[in-house]
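> Chains P and Z, in that order, give the protein sequences. Counting with our numbering, you get residues 287 to 396 for the letters of the first sequence. Counting with our numbering, you get residues 284 to 398 for the letters of the second sequence. All C-beta atoms in this analysis are idealised placements derived from N, C-alpha and C, irrespective of residue type, glycine included. One structure is given below, represented as structure tokens, and several questions about it will come after.
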Amino acid sequence: QKEVEQNSGPLSVPEGAIASLNCTYSDRGSQSFFWYRQYSGKSPELIMSIYSNGDKEDGRFTAQLNKASQYVSLLIRDSQPSDSATYLCAVLGGYNKLIFGAGTRLAVHP
Amino acid sequence: DGGITQSPKYLFRKEGQNVTLSCEQNLNHDAMYWYRQDPGQGLRLIYYSQIVNDFQKGDIAEGYSVSREKKESFPLTVTSAQKNPTAFYLCASSATGTVLTGELFFGEGSRLTVL
Chain P
287 QKEVEQNSGP LSVPEGAIAS LNCTYSDRGS QSFFWYRQYS GKSPELIMSI
337 YSNGDKEDGR FTAQLNKASQ YVSLLIRDSQ PSDSATYLCA VLGGYNKLIF
387 GAGTRLAVHP
Chain Z
284 DGGITQSPKY LFRKEGQNVT LSCEQNLNHD AMYWYRQDPG QGLRLIYYSQ
334 IVNDFQKGDI AEGYSVSREK KESFPLTVTS AQKNPTAFYL CASSATGTVL
384 TGELFFGEGS RLTVL
């Protein structure tokens, strides 16, 4: 079992819709979770972090965390073509190392 | 502007050759990291360094070597022992403590192709 798992996609949504990206992790002791966005051929950039169960909202982005079920999700409201990218879920593991999932490719079509 | 500079952006290597990828940062960050990215596999940690003159192996260190003689620089050498080196290599840095917030700053990457 991979430590951080994501559906590779592509996830295709129409412009204006809600995109829902999911991530599961194996280490029940993990406390810190992050979402990075990576445009094709570019480097990742941090867009959201979440540490407590529940929802955290930042603009059009909402991160959701459920530690009991060991999953993290990212919702993107009012999706725009500029949101088309690969979204990487990351979990802070031992020795303060970030463990990344394989990423989910999101395609927002007009 | 502050940031992380990786070079070269594209690199071609013949089998059996060693190559060195450069990573320089002017963010005054203590910690630096090297990741490898392959299609469908996300980012995998090769080596990391939290202070000058000290570094640790990550999950896939075999066939790679690093040095950290200066705070600003963390070069990665891909040796001939690395059996499948074709990949996208990303260097990152973080200030002390910010790794806890997940805040890694990435360079633009180096794409290595073995001919």
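Taking 9 Å as the CB-CB limit, is A371(P) close to chain Z?
It does not; no Cβ of chain Z falls within 9 Å.
> Give the C-beta separation of L400(P) and R391(P) to the nearest angstrom, bearing in mind that I take them to be a contact with Cβ-Cβ under 8 Å.
Chain P is shown only over 287 to 396; residue 400(P) falls outside these bounds and no answer can be derived.
> Using the beta-carbon of each residue, which ones in chain Z are nearer than 9 Å to L392(P)?
Here the premise fails: no neighbours, minimum Cβ distance about 15 Å.
> When you compare the segment 355-374 of chain P with the segment 345-356 of chain Z, are there three or more beta-carbon pairs, one atom per stretch, that lie closer than 8 Å?
Because the criterion of three Cβ pairs below 8 Å is not met, the segment 355-374 of chain P and the segment 345-356 of chain Z do not touch.
> Which of the residues in the segment 353-387 of chain P, read from start to end, lie with their CB under 7 Å from any CB of chain B?
Among the protein chains in the structure shown, which are P and Z, there is no chain B.
> Comparing the C-beta of F389(Z) with each C-beta of chain P, is any distance below 9 Å?
Yes, F389(Z) lies at the interface with chain P (some Cβ there is under 9 Å from its Cβ).
> Considering only DSSP beta bridges, list what Y311(P) is partnered with.
DSSP lists V290(P) as partners of Y311(P).
> When DSSP labels each residue in this structure, what does Y337(P) get in the three-state scheme?
Three-state DSSP puts Y337(P) in coil, outside helix and strand.
> Compare the Cα-Cα distances from N382(P) to each of S294(P), G302(P), S306(P) and Q317(P) and report the closest residue.
Per the Cα distances, Q317(P).
> Just to make sure I have the definition right: I need the residues of chain P whose C-beta is within less than 7 Å of the C-beta of E386(Z). Which are they?
Result: L332.
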